[in-house]
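Asker: Before we start, here is the structure in question, set down as structure tokens.
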Amino acid sequence: MKKFKRNLIACWVLLVIAGAGCVRKPAIKDTKNNLINAMAQYLNSPKRVDSTKVKFTVLDVAYYEDKTVFDCQFKVHMKNATTDTVGDMGATVSKDFSKVKRKF
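Numbering of the sequence shown is given in my numbering, commencing with residue 12 and proceeding in unit increments.
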């Protein structure tokens, strides 16, 4: 009976360890969409730009996942009354997508 209990406990411990190791990472598509949304929110936030005069649209992102941040290169469309252009912007985005820091 002791051997049965010991085996039962061992199986339970292995199941708990295996379950804890199966934490799902976000899909690549989700990460890409979250990065695009974070940058769009950063660029179009009221304290940075008058959104009635200029509008930024993030078209695409290429990124590298570092330990603490995403190192990103964004393709951005900027449109105002006189200018309609597409360019590249570099930025780092925190892992929780809440902080964006532009590279100049």
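Glycine is no exception: its CB is placed at the ideal position from the N, C-alpha and C atoms.
Under three-state DSSP, which class holds residue 41?
Answerer: Helix, per DSSP.
Asker: Just verifying my parser: in three-state terms, what is the DSSP assignment at residue 51?
Answerer: Residue 51: helix per DSSP, three-state reduction.
Asker: DSSP three-state call for residue 64: helix, strand or coil?
Answerer: Of the three classes helix, strand and coil, the one that applies to residue 64 here is coil, per DSSP.
Asker: Would a C-beta distance cut-off of 8 Å place residue 47 and residue 69 closer than the cut-off?
Answerer: Yes, the Cβ-Cβ distance between residue 47 and residue 69 is below 8 Å.
Asker: Starting from residue 96, trace the beta strand (DSSP E) in both directions and tell me its first and last residue.
Answerer: Where residue 96 is concerned, the enclosing beta strand (DSSP E) stretches over 95 to 105.
Asker: So what does residue 86 bridge to, in DSSP terms?
Answerer: Per DSSP, 71, 99.
Asker: I'd like to confirm the pairing. Which residues does DSSP put opposite residue 113 in its beta bridges?
Answerer: 102, per the DSSP bridge assignment.
Asker: Taking 8 Å as the cut-off, decide whether the C-beta atoms of residue 80 and residue 106 are in contact.
Answerer: Yes, the Cβ-Cβ distance between residue 80 and residue 106 is below 8 Å.
Asker: Going straight from the alpha carbon of residue 78 to that of residue 103, what length do you get?
Answerer: C-alpha separation (whole angstroms): 12 Å.
Asker: Use the C-beta contact count for residue 67: other C-beta atoms within 10 angstroms, 16 or more gives buried, fewer gives exposed.
Answerer: Answer is buried; the Cβ neighbour count reaches 16.
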